[in-house]
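Student: For reference, the structure I am asking about is given below.
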Amino acid sequence: MDIKQTDVIIIGAGIAGTAIARELSQYEIDVILMEKEADVSFGSTKASTAIIHPGLPVADAPLKTKLILDGNRLFKQLANELDVTFKKTGELTIAKNENELQELKEMKRQADAIKIPEVEVINRKKLQSMEPNITKEAIAALSIPTAGIALPFEITIALAENASQNGVRILLNTEVTDISRGADNQSLLVKTACGYIKTRFVINAAGLFADQIAAMLNADDFSISPHKGEEYLLDKRVGSIVNQPILTVASPWVLVMPTVDGNIILGTTYTEVNNKADSATTLDGFRKIINDAKDLIPIISPKDIIRSFAGLRAMNTHTSDYIIEASKKEPKLINVVLGSPGITSAPAVAKMVVEILSDQGLKLAKKPNFNPQREKMLKFSELSDEERKALIAKDPRYGHVVCRCETVTEGEIVEAIRRGARTVDGVKYRTRAGMGRCQGGFCGPRVIEILARELNIPVTEITKKGKNSQSLLFKSKELLKKGGKDNNGSSKS
Amino acid sequence: MVLQKADLVVIGAGPAGVAAAIKAKEMGVNNVIIMERAEQLGGLLHQCIHNGFGLQYFKEDLTGPEYAYNFIEKAKGLGIKFLLETMALDISPKREITAVSNKEGIINLHPKAIILAMGCRERTRGAINIPGTRPAGIFTAGVAQRFVNVEGFIPGKKVVILGSGDVGMIMARRLTLEGVKVEAMVEILPYVGGLIRNEVQCIHDFNIPLFLEHTVVDVHGTERVKAVTIAKIDKDRNPIYKTKRKIECDTLLLSVGLIPENELSLKAGIKLDPVTGGPIVDETMQTNVSGIFAAGNVVHVHDLVDYVSFEGELAGSNAANYILSQALFPKMKINLKAGEGIRYIVPSTISGQKKATLYMRVLKPDRDVVVKVGDDFLRKHLPIVKPSEMLKIIIPLSKLKMLKDETKELTISCTKGRK
Numbered sequence: 467m468d469i470k471q472t473d474v475i476i477i478g479a480g481i482a483g484t485a486i487a488r489e490l491s492q493y494e495i496d497v498i499l500m501e502k503e504a505d506v507s508f509g510s511t512k513a514s515t516a517i518i519h520p521g522l523p524v525a526d527a528p529l530k531t532k533l534i535l536d537g538n539r540l541f542k543q544l545a546n547e548l549d550v551t552f553k554k555t556g557e558l559t560i561a562k563n564e565n566e567l568q569e570l571k572e573m574k575r576q577a578d579a580i581k582i583p584e585v586e587v588i589n590r591k592k593l594q595s596m597e598p599n600i601t602k603e604a605i606a607a608l609s610i611p612t613a614g615i616a617l618p619f620e621i622t623i624a625l626a627e628n629a630s631q632n633g634v635r636i637l638l639n640t641e642v643t644d645i646s647r648g649a650d651n652q653s654l655l656v657k658t659a660c661g662y663i664k665t666r667f668v669i670n671a672a673g674l675f676a677d678q679i680a681a682m683l684n685a686d687d688f689s690i691s692p693h694k695g696e697e698y699l700l701d702k703r704v705g706s707i708v709n710q711p712i713l714t715v716a717s718p719w720v721l722v723m724p725t726v727d728g729n730i731i732l733g734t735t736y737t738e739v740n741n742k743a744d745s746a747t748t749l750d751g752f753r754k755i756i757n758d759a760k761d762l763i764p765i766i767s768p769k770d771i772i773r774s775f776a777g778l779r780a781m782n783t784h785t786s787d788y789i790i791e792a793s794k795k796e797p798k799l800i801n802v803v804l805g806s807p808g809i810t811s812a813p814a815v816a817k818m819v820v821e822i823l824s825d826q827g828l829k830l831a832k833k834p835n836f837n838p839q840r841e842k843m844l845k846f847s848e849l850s851d852e853e854r855k856a857l858i859a860k861d862p863r864y865g866h867v868v869c870r871c872e873t874v875t876e877g878e879i880v881e882a883i884r885r886g887a888r889t890v891d892g893v894k895y896r897t898r899a900g901m902g903r904c905q906g907g908f909c910g911p912r913v914i915e916i917l918a919r920e921l922n923i924p925v926t927e928i929t930k931k932g933k934n935s936q937s938l939l940f941k942s943k944e945l946l947k948k949g950g951k952d953n954n955g956s957s958k959s
Numbered sequence: 012m013v014l015q016k017a018d019l020v021v022i023g024a025g026p027a028g029v030a031a032a033i034k035a036k037e038m039g040v041n042n043v044i045i046m047e048r049a050e051q052l053g054g055l056l057h058q059c060i061h062n063g064f065g066l067q068y069f070k071e072d073l074t075g076p077e078y079a080y081n082f083i084e085k086a087k088g089l090g091i092k093f094l095l096e097t098m099a100l101d102i103s104p105k106r107e108i109t110a111v112s113n114k115e116g117i118i119n120l121h122p123k124a125i126i127l128a129m130g131c132r133e134r135t136r137g138a139i140n141i142p143g144t145r146p147a148g149i150f151t152a153g154v155a156q157r158f159v160n161v162e163g164f165i166p167g168k169k170v171v172i173l174g175s176g177d178v179g180m181i182m183a184r185r186l187t188l189e190g191v192k193v194e195a196m197v198e199i200l201p202y203v204g205g206l207i208r209n210e211v212q213c214i215h216d217f218n219i220p221l222f223l224e225h226t227v228v229d230v231h232g233t234e235r236v237k238a239v240t241i242a243k244i245d246k247d248r249n250p251i252y253k254t255k256r257k258i259e260c261d262t263l264l265l266s267v268g269l270i271p272e273n274e275l276s277l278k279a280g281i282k283l284d285p286v287t288g289g290p291i292v293d294e295t296m297q298t299n300v301s302g303i304f305a306a307g308n309v310v311h312v313h314d315l316v317d318y319v320s321f322e323g324e325l326a327g328s329n330a331a332n333y334i335l336s337q338a339l340f341p342k343m344k345i346n347l348k349a350g351e352g353i354r355y356i357v358p359s360t361i362s363g364q365k366k367a368t369l370y371m372r373v374l375k376p377d378r379d380v381v382v383k384v385g386d387d388f389l390r391k392h393l394p395i396v397k398p399s400e401m402l403k404i405i406i407p408l409s410k411l412k413m414l415k416d417e418t419k420e421l422t423i424s425c426t427k428g429r430k
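Listed in order, the protein sequences are those of chains A and B.
Quick note on the working numbering: the first sequence kicks off at 467 and runs consecutively.
Quick note on the working numbering: the second sequence kicks off at 12 and runs consecutively.
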């Protein structure tokens, strides 16, 4: 790599890093976004529920509270500019007894105080009409219409695409191994496997690894404690058994919610783990979530689960609030440590980081040709028959359905690769190929084949999610040529 | 594309669909079209390169491709039209089909009858909730079979197989022959899920370690599978943690069941049987939607392809009757009910006016049982039954004629006994 010098390096291409990159891309500065994984959103971000929270006060976290509220207000415009899905569904928090009802009323007072509009405590009858499948034990609910839902990877990919369109360089598979102070005392030297890059500022948006990045400059006054959240996804065939996120006053983590694609998510757990790579789902987590979900929506059945996953929330041990500030020990390092929630506040966080950079002396002049609009990926499944006809006439690959469950065509997969997908998961997050009920059973081999063809690399080099996650390890007969000592079979068949 | 002229459209060119189309064509239906989403005919048979096909239908031991070839050649000779790489997107209750292909674009068809023959798909990890990480290297057995037999790739060199369905057992042998070490086959039930002949020829003959009443309780590895942990289960199917053992491997194959693929059927308003997951059909293989028939694994998962072909022919001949002369259809008078020991019966209704062929599965393996139809209307002693092997019971017309006119239901049961 040839880059020797830049103005800003952002470490981490999750929701925070990509939102900051996109915000900075409107200014006349040189920005590099670095990500150790093979694609953007591959860390904690991808497993977010992506509820766009309304901004109810979070205890002992004034900054978080403010940025969530601001983020919620900014989200619609951002979604419009990036042409990503954002549904303002509202959300309901359920109370099952008088004590819980009192808590709802207190939440309403708090919401009114910060002017969240249309918040209402609704009675059993109204709740039943809004959510016919709700548990009979629910006596009331807090309705907040400004809440919504989005897709975590869609928004992150869109932010990265728009940032790149406006000049940000994105370096994937690029792990920062060290940061040191430059000899001029005016810069930082960021070391990767490709050598050093001199930069005026480093933005630490490394999520789970933010403490390790800060420690490279001895600016470490926090550490990250991963908190696992498990989630279980239901088949689309169960339909819209809930119309909006259903939460409970009894626990801040339990939820049943629709996704913008029409699935249902059951979540979540909140368990501290000591390993930043431990995103395993567990039998205990599964049982807890099924029980909790059935307590809200009794008709839920584990038979409808098509996928389970877990993400790690990057909670910091220093404060219950976000950390978004120039490091006191090294002001050229800006720490951006969000944890949960992350998606909602991201647009407001990005604006705050711009202010911090400006306060630290970075001159920010607007680019005259900044284009905030990003072109959406075409989705064959959402088109009318007339639109489909026209598209196939132009490019017959849109007439070849590869993912049968989600009706994703070869044309869309090729376009995803053109836009930067290099892995099976990268294709999945851009197109939904493999996200349906058969979970890539039919399309998985086809996607691998298309990736190999378009990237012109061997099939055995195609990975699920980068690094050493190859799907197919050997060619036919390869193991036999190596001596076949492992072959314990007879020739009988 | 312009509206194609079609009398019969068959969805799916696997063994059921091709057999159905041949039969209908032979009976005089003019325009028969088979619509197939894959690039070739024969369905999944082309990846089943092992033998054991055709013993019932051809009285000959064939490989999957050989079995398919016989039907495909016949279909081609009859002038049946094939639309390959064509995916049906929608079927309305009025039999209007919308499909898409890269050659023809959007295709609209409105045939006089439709035969659904979409087959089935494999149950995946999500559906059975295996805890653990989500690395590369977890495949369903059928996907692995395609990679090995069609595309020429071996998923890994140390494999654990969860489930003991037929494809899983076939793959245990196939991978062993490719130099792969199959470390274990793990089955939650106290008996093997697939056919006895596969258990003998693929598992025992190849010394594959078989862990019955065990399951996978953890998957390890972040990038690629590194190991799985298995454990014995108790009577409530909870893992007994002190029996845990970790098995190093780079691949986990799943052979944990097949599910009829009925998304299109639902769009057409077809009622499904919650037990089979397939359309509820009468003795003509007609669904609750007039003029839409179904056959093969889309109706219920079969053990042998030969029965799939027979069922396809049945649907084909009845669809032909429907198209050529609706008057030939008798009224379905008698419901068939799964009684003690029986999981399901196909068809669900019969007319009582012609010989009835019933396919069914038992709930559990057993020795010396009696299958009874009605109170004592027909009985058959069987020395051994297994859920993995379909039972076929034929009720001759002479017997059915002995039924009282008011008989509306026949219960079929399978209980211990010798007579």
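Idealized CB from N, CA, C, for every residue including glycine.
It should be emphasised that the depicted structure is a prediction, and the values quoted were computed from it without experimental measurement.
1. Whether or not the region 280–288 of chain B and the region 70–80 of chain B are in contact is what I'm after, with contact meaning three or more pairs of Cβ atoms, one per stretch, closer than 8 Å; do they touch?
2. Let me see if you follow: with CB-CB separation under 8 Å, is Gly-28(B) close to chain A or not?
3. Taking a contact to mean a Cβ-Cβ separation below 8 Å, would you say Val-227(B) touches Leu-186(B) in this structure?
4. I'd like to know whether the C-beta atoms of Asp-443(B) and Ser-399(B) end up nearer to each other than 8 Å.
5. Nearest to Met-129(B) by CA position, among Ala-306(B), Ile-141(B), Asp-216(B) and Arg-256(B), is which residue?
6. Would you mind giving the Cβ-Cβ distance between Gln-826(A) and Pro-797(A), rounded to the nearest angstrom? I have them listed as a contact below 8 Å.
7. For Ile-771(A) and chain C, any beta-carbon pair shorter than 8 Å?
8. Rounded to whole angstroms, what is the Cα-Cα separation between Pro-166(B) and Leu-66(B)?
9. Restricting to runs no shorter than 4 residues, where is the alpha helix (DSSP H) found entirely within the region 749–833 of chain A?
10. Measuring CA to CA, which of Ser-717(A), Val-587(A) and Ala-504(A) is closest to Thr-638(A)?
11. Leaving out five residues before and five after Asp-701(A) in sequence, what residues of the same chain have Cβ atoms less than 6 Å from its Cβ?
12. Within a Cβ cutoff of 7 Å, which residues of the same chain sit near Ala-649(A), ignoring the five residues on either side of it in sequence?
13. For Ala-516(A), list the residues DSSP reports as bridge partners.
14. I'd like to know if the region 524–532 of chain A and the region 611–628 of chain A are in contact, where contact means that at least 3 CB-CB pairs between them fall below 8 Å.
15. If you run the structure through DSSP and keep just helix, strand and coil, what is Thr-622(A)?
16. Give the straight-line distance between the Cα atoms of Val-193(B) and Asn-209(B), rounded to the nearest whole angstrom.
17. For Ser-112(B), return the contacting residues in chain A, with the cut-off set at a CB-CB distance below 8 Å.
18. Please list, in chain order, the chain B residues whose beta carbon lies closer than 8 Å to that of Ile-858(A).
19. Once DSSP output is grouped into helix, strand and coil, what is the label at Ser-328(B)?
20. Anything in the region 933–950 of chain A with a Cβ closer than 8 Å to a Cβ of chain B? List those residues in chain order, please.
21. Is any beta-carbon of chain B found at less than 8 Å from that of Cys-869(A)?
22. Compare the Cα-Cα distances from Ser-320(B) to each of Leu-73(B), Ala-30(B) and Ile-22(B) and report the closest residue.
23. From Lys-168(B) to Ile-149(B), what distance separates their C-alpha atoms?
24. Please work out which residues of its chain come closer than 6 Å, Cβ to Cβ, to Gly-288(B), disregarding the five sequence neighbours upstream and downstream, and give them in chain order.
25. So within the region 855–886 of chain A, which uninterrupted beta strand (DSSP E) runs reach at least 3 residues, ignoring any that extend past its ends?
26. Does Pro-104(B) come within less than 8 Å of chain A when only Cβ atoms are used?
27. Name the residue from Gly-327(B), Asp-317(B), Val-111(B) and Val-292(B) whose alpha carbon lies nearest to the alpha carbon of Asp-72(B).
28. Grouping DSSP H, G and I as helix and E and B as strand, with all else coil, what is Met-180(B)?
29. At the level of alpha carbons, what is the spacing between Val-267(B) and His-225(B)?
30. Taking the alpha helix (DSSP H) that Met-843(A) belongs to, which residues open and close that run?
31. For a cutoff of 8 Å on Cβ pairs, would you count Arg-854(A) as touching chain B?
32. Starting from Cys-909(A), trace the alpha helix (DSSP H) both ways and give me its first and last residue.
33. Scan the region 62–138 of chain B and note each continuous alpha helix (DSSP H) run of 4 residues or more that stays entirely inside, going in chain order.
34. Please state whether DSSP places Val-230(B) in a helix, a strand or coil.
35. Is Gly-932(A) buried or exposed, if buried means 16 or more other CB atoms sit within 10 Å of its CB?
Tutor: So, from the listed chains and residues:
1. no
2. Along the second sequence, read from residue 1 onward, the residue named residue 28(B) stands at position 17. It does not: the Cβ of Gly-28(B) has no partner Cβ on chain A nearer than 8 Å.
3. Along the second sequence, one-based indexing puts residue 227(B) at 216. Along the second sequence, one-based indexing puts residue 186(B) at 175. It is not a contact, given that the beta carbons lie outside the stated cut-off.
4. Given a span of 12 to 430 for chain B in the structure shown, any question on residue 443(B) remains unanswerable.
5. Along the second sequence, one-based indexing puts residue 129(B) at 118. Measuring from the Cα of Met-129(B), the nearest candidate turns out to be Ala-306(B).
6. In the first sequence, residue 826(A) corresponds to position 360, counting from 1. In the first sequence, residue 797(A) corresponds to position 331, counting from 1. Rounded, the Cβ-Cβ distance is 6 Å, consistent with contact.
7. Annotation note: the requested chain C is absent from the structure, which comprises protein chains A and B.
8. Translated into the one-based positions of the second sequence, residue 166(B) becomes position 155. Translated into the one-based positions of the second sequence, residue 66(B) becomes position 55. For Pro-166(B) and Leu-66(B), the distance between alpha carbons rounds to 31 Å.
9. 749–762 and 812–825
10. By 1-based counting over the first sequence, the position of residue 638(A) is 172. Position check: residue 638(A) holds Leu in this sequence, whereas Thr was assumed. Ranking Ser-717(A), Val-587(A) and Ala-504(A) by Cα distance to Leu-638(A) puts Ala-504(A) first.
11. Residue numbering aside, residue 701(A) sits at position 235 when the first sequence is read from its first letter. Closer than 6 Å at the Cβ level, and outside the excluded window around Asp-701(A), lie Asp-770, Ile-772 and Arg-903.
12. Here residue 649(A) refers to the residue found at position 183 of the first sequence. Nothing meets the Cβ criterion.
13. The residue given as residue 516(A) occupies position 50 in the first sequence. DSSP output for Ala-516(A) lists no bridge partner at all.
14. no
15. Locating residue 622(A) in the first sequence gives position 156, where the first residue counts as 1. Helix, per DSSP.
16. Position 182 of the second sequence holds residue 193(B). Position 198 of the second sequence holds residue 209(B). Val-193(B) and Asn-209(B): Cα-Cα distance of roughly 16 Å.
17. Along the second sequence, read from residue 1 onward, the residue named residue 112(B) stands at position 101. Result: Gly-865 and His-866.
18. Taking the first sequence and counting its residues from 1, the one referred to as residue 858(A) is at position 392. What Ile-858(A) touches in chain B: Val-111, Asn-113, Gly-116 and Ile-117.
19. Along the second sequence, read from residue 1 onward, the residue named residue 328(B) stands at position 317. Here Ser-328(B) sits in helix by DSSP.
20. Lys-933, Asn-934, Ser-935, Gln-936, Ser-937, Leu-938, Leu-939, Phe-940, Lys-941, Ser-942, Lys-943, Glu-944, Leu-945, Leu-946, Lys-948 and Gly-950
21. What you label residue 869(A) is simply residue 403 of the first sequence in a count that begins at 1. No, because no Cβ of chain B sits closer than 8 Å to the Cβ of Cys-869(A).
22. Along the second sequence, one-based indexing puts residue 320(B) at 309. Checking every option, the nearest Cα to that of Ser-320(B) belongs to Ala-30(B).
23. To locate residue 168(B), count along the second sequence from 1; it is residue 157. To locate residue 149(B), count along the second sequence from 1; it is residue 138. Their Cα atoms are separated by approximately 13 Å.
24. Here residue 288(B) refers to the residue found at position 277 of the second sequence. Ile-270 and Pro-271, listed in sequence order.
25. 867–869
26. Taking the first residue of the second sequence as position 1, residue 104(B) is located at position 93. Output row for Pro-104(B): interface = no.
27. Looking up residue 72(B) in the second sequence gives position 61. Considering only alpha carbons, the answer is Asp-317(B).
28. Walking along the second sequence from the start, residue 180(B) turns up at place 169. Met-180(B): helix per DSSP, three-state reduction.
29. If you number the second sequence from 1, residue 267(B) lands on position 256. If you number the second sequence from 1, residue 225(B) lands on position 214. Rounded to the nearest angstrom, the two C-alpha atoms are 13 Å apart.
30. Here the question's residue 843(A) lines up with position 377 in the first sequence. Note, Met-843(A): premise wrong, no alpha helix (DSSP H); not H, not E.
31. For the purposes of this step, residue 854(A) is identified with residue 388 of the first sequence, where counting begins at 1. Chain B, which has a Cβ nearer than 8 Å to the Cβ of Arg-854(A), makes this yes.
32. Mapped onto the first sequence, residue 909(A) falls at position 443. Taken as a continuous stretch (DSSP letters only), the alpha helix (DSSP H) holding Cys-909(A) covers 909–921.
33. 75–88
34. Residue numbering aside, residue 230(B) sits at position 219 when the second sequence is read from its first letter. Note: Val-230(B) maps to strand in three-state DSSP.
35. One-based indexing of the first sequence puts residue 932(A) at position 466. Buried: at least 16 other Cβ atoms inside 10 Å.
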